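A short worksheet on the structure shown next.
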Amino acid sequence: MILLVNPRATRPSNRRFPLSVMAVGAALPPHVNWEIVDGNLPGTDVLAELAHHIEAGERRGDPVALVAFSVMPGPQLVNAVPLSRELKSRFPRIPIAWGGNFPSLYPAPVLNATHVDWAIRGQGEDTMVELLDVINGTRDPASVNGLCFRDADGTHWIGAERHWKGPDELPAPPYHKIHVADYLRPTFLGRRSGVYQSSIGCPYGCKFCGVISVFGSREKMQAPERTARHLTYLVREHGMDSVHFYDNNFFVKEEHARELAGRILPLRLNWWCEARVDALMRFSDDTWRLLKRAGLTMVFCGAESGSDDVLKKMNKGTTTEQILGVGKRAREHGVIPEFSFVFGDPDDPEREIDNTLAFIRTLKHVNPAMELITYFYTPTPQRRGTYGNVDAVSATPDTLDEWITPEWVAWMTHEDPLVPWLDERLKAKVTDFELVLKSRFPSVQDAKTAEWGKLLGRFLARRRWSNGDFADPRMLRLIRRIAHRTPEDSQAYGHLRAARRGT
252 MILLVNPRAT RPSNRRFPLS VMAVGAALPP HVNWEIVDGN LPGTDVLAEL
302 AHHIEAGERR GDPVALVAFS VMPGPQLVNA VPLSRELKSR FPRIPIAWGG
352 NFPSLYPAPV LNATHVDWAI RGQGEDTMVE LLDVINGTRD PASVNGLCFR
402 DADGTHWIGA ERHWKGPDEL PAPPYHKIHV ADYLRPTFLG RRSGVYQSSI
452 GCPYGCKFCG VISVFGSREK MQAPERTARH LTYLVREHGM DSVHFYDNNF
502 FVKEEHAREL AGRILPLRLN WWCEARVDAL MRFSDDTWRL LKRAGLTMVF
552 CGAESGSDDV LKKMNKGTTT EQILGVGKRA REHGVIPEFS FVFGDPDDPE
602 REIDNTLAFI RTLKHVNPAM ELITYFYTPT PQRRGTYGNV DAVSATPDTL
652 DEWITPEWVA WMTHEDPLVP WLDERLKAKV TDFELVLKSR FPSVQDAKTA
702 EWGKLLGRFL ARRRWSNGDF ADPRMLRLIR RIAHRTPEDS QAYGHLRAAR
752 RGT
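Okay, structure coming up:
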């Protein structure tokens, strides 16, 4: 028996399909029994559920041979550390493995933790299968690509990178191993929203992003027919009416986008995806119209900066002219553009922040429906250098206990990082601006603010927005706080995030 753990990463109301552990489980040999334990489901006591499976396995003669955690930086790491520590304390004979983005980016602190026996870097499906042979004593762990462990003398062995497989080379998502209805949750897209990922990796080399340090600069796309087949199953068998695509770049080639749109158009899904502005600018108006008919409702683009010089330094490969162009074309075709910006150029943070805030005002004029996501820049390990004159690796913690302190959680989530080039005054410039913007133009995704709060916020923010007055909007902050019907969710990611504290 293998137990695959998806530690809590968000509130139960924001739970989504546990795609990572589903993919690993689907790749295990047919004779291996496996179960998913998802800490994001409501009322789940992960440790109690793991203990139940372990004890039941002993009774029926199928003992648990491995407990494997999928761990993302941020809130999921915070939950994974004490959980794996307590599990190892209670069941010391059972090996524990960690995979996912955090051990892929930072294997050293994982291997420094005595409650973790194995770390898996990169794509984990084949590595997990070979790790079972290691545990059974039939394979040398040093021969397994992607596997990391402690040698007998305590030194770290970091396995060679594994060659990545594309989605078409991997098994289909094992929806029979989860209760699908538990994960179809209301969003702005529909009443029964699901998630799906149809590609792996990213072909670009943005210097601020950790994706290429996990996947490398390559992307493998799934055949549109296969994507449509899986989505059709979810629509017909489980009533899914909308979907968030988790691909890092959903659109790479126009012909692929057109084929996929044509295949999913009959499903009548509303959907959200991520795309690059340069890719979208290459698409014809006919392709934009087809995507809209196929259900494209919102497209997330990493705009990142309002300065062409900073975009070049980031190795983004896009321009401010293209960002404005996508805003304009999205307005013409009735698609909501969601733009993210990374604030805090290490070399000249105040100038970069002022330039980018001014650019966002221009972008909002071009497309009033534009939605804003903001992040503060924090460095991550890179394959080809970092963005700005900072050392991305040497200053990070050596232990998991330090990683889960509030200061480092804020660093990982880009919420409130303690970095020398960003002081509280500069951060306040961004958060105050964001509050005025989102008060003047409430997000279509904001289901947590009472309608009276939105109306009052729009009215009070009108003059501030017109006059460019964003400093210390105390009244807007008070209204937002009182009008919130549920607590803000600091554990939600990306499009699931509520406004940052202070907004």
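Per my numbering: the sequence shown = residues 252 to 754. Note that the Cβ used here is the ideal one computed from N, Cα and C, for glycine as well. Owing to the predicted nature of the structure, the values given are computational and were not obtained by experimental measurement.
So what's Phe610 in DSSP terms, helix, strand or just coil?
Locating residue 610 in the sequence shown gives position 359, counting from the first residue. Three-state result, Phe610: helix.
Considering only residues of the same chain and omitting the five flanking positions on each side of Val644, which have a CB-CB separation below 6 Å?
Here residue 644 is taken as the residue at index 393 of the sequence shown, counted from 1. The pLDDT assigned to Val644 is 43, lower than 50, so where the model puts this residue is not dependable, and the model offers no usable value.
Leu673 vs Phe627 beta-carbon contact at 8 Å
By one-based count along the sequence shown, residue 673 stands at place 422. By one-based count along the sequence shown, residue 627 stands at place 376. Yes, these two residues count as a Cβ contact at 8 Å.
I think Val586 touches Cys552, with their Cβ atoms under 8 Å apart; what is that distance to the nearest whole Å?
Sequence index remark: in the sequence shown, residue 586 carries index 335 (1-based). Sequence index remark: in the sequence shown, residue 552 carries index 301 (1-based). Actually they are not in contact, since the Cβ atoms of Val586 and Cys552 sit about 11 Å apart, beyond 8 Å.
Between the alpha carbons of Ser321 and Leu711, how many angstroms are there, rounded?
For the purposes of this step, residue 321 is identified with residue 70 of the sequence shown, where counting begins at 1. For the purposes of this step, residue 711 is identified with residue 460 of the sequence shown, where counting begins at 1. Answer to the nearest angstrom: the Cα atoms are 44 Å apart.
What residues match up with Tyr626 in a beta bridge as DSSP calls it?
The residue you call residue 626 lines up with position 375 of the sequence shown. Paired residues: Val593.
Extent of the continuous alpha helix (DSSP H) run through Arg715
Residue numbering aside, residue 715 sits at position 464 when the sequence shown is read from its first letter. Arg715 -> alpha helix (DSSP H) spans Glu702 to Asn718.
Please report the Cβ distance between Leu425 and Met273, rounded to the nearest whole angstrom; I am assuming they are in contact, meaning their Cβ atoms lie under 8 Å.
One-based indexing of the sequence shown puts residue 425 at position 174. One-based indexing of the sequence shown puts residue 273 at position 22. A quick correction: the sequence has Pro, not Leu, at residue 425. Separation of the CB atoms of Pro425 and Met273 is rounded to 6 Å, and the pair is thereby assigned contact status at 8 Å.
Sorted by chain position, which residues of the same chain lie with C-beta nearer than 7 Å to Val360's C-beta, five sequence neighbours on each side aside?
For the purposes of this step, residue 360 is identified with residue 109 of the sequence shown, where counting begins at 1. Note that residue 360 is Pro in the sequence shown, not Val. So the list reads Pro648, Asp649, Thr650, Leu651 and Trp654, once near-sequence residues are dropped.
Nearest residue (CA-CA) to Gly351, options Lys339, Pro668, Leu338 and Ala370
Here residue 351 refers to the residue found at position 100 of the sequence shown. The option with the nearest alpha carbon to Gly351 is Ala370.
Quick check on Val644: does DSSP put it in helix, strand or coil?
Taking the first residue of the sequence shown as 1, we reach residue 644 at position 393. Interpretation of Val644 is limited by its pLDDT of 43, a score under 50 that renders its predicted location unreliable; no figure is taken from the coordinates.
If you count every other CB in all the chains shown that lies within 10 Å of the CB of Ile515, and 16 or more means buried, which is it?
Translated into positions along the sequence shown, residue 515 becomes position 264. That one is buried.
Distance check for Tyr497 and Pro600, CA to CA, integer angstroms please.
Along the sequence shown, read from residue 1 onward, the residue named residue 600 stands at position 349. Along the sequence shown, read from residue 1 onward, the residue named residue 497 stands at position 246. Going from the Cα of Pro600 to the Cα of Tyr497 covers about 30 Å.
Candidates Ile574, Arg436, Asn606 and Pro475, of which the one nearest Asp419 by Cα:
Position 168 of the sequence shown, counted from the first residue, corresponds to residue 419. Closest option to Asp419, Cα to Cα, is Pro475.
Going by DSSP in three states, Tyr447 sits in which element: helix, strand or coil?
Counted from its first residue, the sequence shown places residue 447 at position 196. Correct three-state label for Tyr447: strand.
Distance, Leu562 Cα to Trp716 Cα
Within the sequence shown, the letter at position 465 stands for residue 716. Within the sequence shown, the letter at position 311 stands for residue 562. When rounded, the distance between both Cα atoms is 26 Å.
Leu547 in three-state terms, based on DSSP
What you label residue 547 is simply residue 296 of the sequence shown in a count that begins at 1. Assigned with DSSP and collapsed to three states, Leu547 falls in strand.
Rounded separation between Gly452 and Asn499 - CA only
By one-based count along the sequence shown, residue 452 stands at place 201. By one-based count along the sequence shown, residue 499 stands at place 248. Each residue's alpha carbon lies about 7 Å from the other.
For Lys597 versus Val550, is the C-beta distance shorter than 8 Å?
For the purposes of this step, residue 597 is taken as residue 346 along the sequence shown, with counting starting at 1. For the purposes of this step, residue 550 is taken as residue 299 along the sequence shown, with counting starting at 1. Rather than Lys, the amino acid found at residue 597 in this sequence is Pro. It is not a contact, given that the beta carbons lie outside the stated cut-off.
Given that a residue counts as buried once 16 or more other Cβ atoms are within 10 Å of its Cβ, and exposed if not, what is His495?
The residue labelled residue 495 in the question sits at position 244 within the sequence shown. Looking at its Cβ environment, which holds 16 or more other Cβ atoms inside 10 Å, His495 is buried.
Just grab the DSSP bridge partners of Met472 for me.
The residue given as residue 472 occupies position 221 in the sequence shown. Met472 is bridged by DSSP to Ser450.
Cβ pair Arg267, Val486 closer than 8 Å
One-based indexing of the sequence shown puts residue 267 at position 16. One-based indexing of the sequence shown puts residue 486 at position 235. Not a contact, by the Cβ cut-off of 8 Å.
Who are the near neighbours of Pro263 in its chain, counting only those whose CB is closer than 7 Å to its CB and skipping five residues on each side?
The sequence position of residue 263 within the sequence shown is 12, counting from 1. So the qualifying residues of the chain are Asn291, Leu292 and Pro293.
Sort out for me which residues DSSP pairs His507 with in a bridge.
Counted from its first residue, the sequence shown places residue 507 at position 256. Per DSSP, none; premise fails for His507.
Around the C-beta of Glu658, are 16 or more other C-beta atoms found within 10 angstroms, so that it is buried, or is it exposed?
Start at 1 with the first residue of the sequence shown, and residue 658 comes out as number 407. Exposed, because fewer than 16 other Cβ atoms sit within 10 Å of the Cβ of Glu658.
Limits of the unbroken beta strand (DSSP E) element including Glu666:
For this step, residue 666 is matched to residue 415 along the sequence shown. Premise fails: Glu666 is in no beta strand (DSSP E) and is neither H nor E.
Using only CA atoms, which one of Asp433, Pro358 and Met379 lies nearest to Thr406?
Translated into positions along the sequence shown, residue 406 becomes position 155. Minimum Cα distance to Thr406 is reached at Pro358.
Beta-carbon separation (whole angstroms), Arg401 vs Leu362, contact threshold 8 Å:
For the purposes of this step, residue 401 is taken as the residue at position 150 of the sequence shown. For the purposes of this step, residue 362 is taken as the residue at position 111 of the sequence shown. That pair is a contact at about 5 Å.
Same chain, Cβ closer than 8 Å to Ile386, neighbours up to 5 away in sequence not counted
Here residue 386 refers to the residue found at position 135 of the sequence shown. Counting only Cβ-Cβ distances below 8 Å, and skipping sequence neighbours, we find Ala316, Leu317 and Pro346.
Measure the alpha-carbon distance for Pro517 versus Ala554 and round it to whole angstroms.
Residue numbering aside, residue 517 sits at position 266 when the sequence shown is read from its first letter. Residue numbering aside, residue 554 sits at position 303 when the sequence shown is read from its first letter. Roughly 32 Å separates the two Cα atoms.
Out of His735, Gly578 and Phe684, point me to the one whose CA is closest to Leu707's CA.
Numbered from 1 along the sequence shown, position 456 holds the residue referred to as residue 707. When C-alpha distances from Leu707 are compared across His735, Gly578 and Phe684, the shortest belongs to His735.
Using the Cα positions of Ile287 and Asp492, report the straight-line distance between them to the nearest angstrom.
In the sequence shown, residue 287 corresponds to position 36, counting from 1. In the sequence shown, residue 492 corresponds to position 241, counting from 1. Rounded to the nearest angstrom, the gap between the Cα atoms of Ile287 and Asp492 is 25 Å.
When we look at the beta-carbon of Glu506 and count the other beta-carbons within 10 Å, is it buried (16 or more) or exposed?
Sequence index remark: in the sequence shown, residue 506 carries index 255 (1-based). The residue in question, Glu506, is exposed, as its Cβ has fewer than 16 Cβ neighbours within 10 Å.
DSSP beta-bridge partners for Pro588?
Within the sequence shown, numbered from 1, the residue matching residue 588 stands at position 337. Beta-bridge pairing links Pro588 to Val550.
Neighbour flag for Arg509 against chain C, beta carbons, 8 Å
Protein chains in the displayed structure number just one, and chain C is not present.
Please go through the same chain and pick out, in chain order, the residues whose beta-carbon is closer than 7 Å to the beta-carbon of Val395, but skip the five residues on each side of it.
Within the sequence shown, the letter at position 144 stands for residue 395. The answer, listed in chain order, is Thr378, Glu381, Leu382, Val385 and Gly410.
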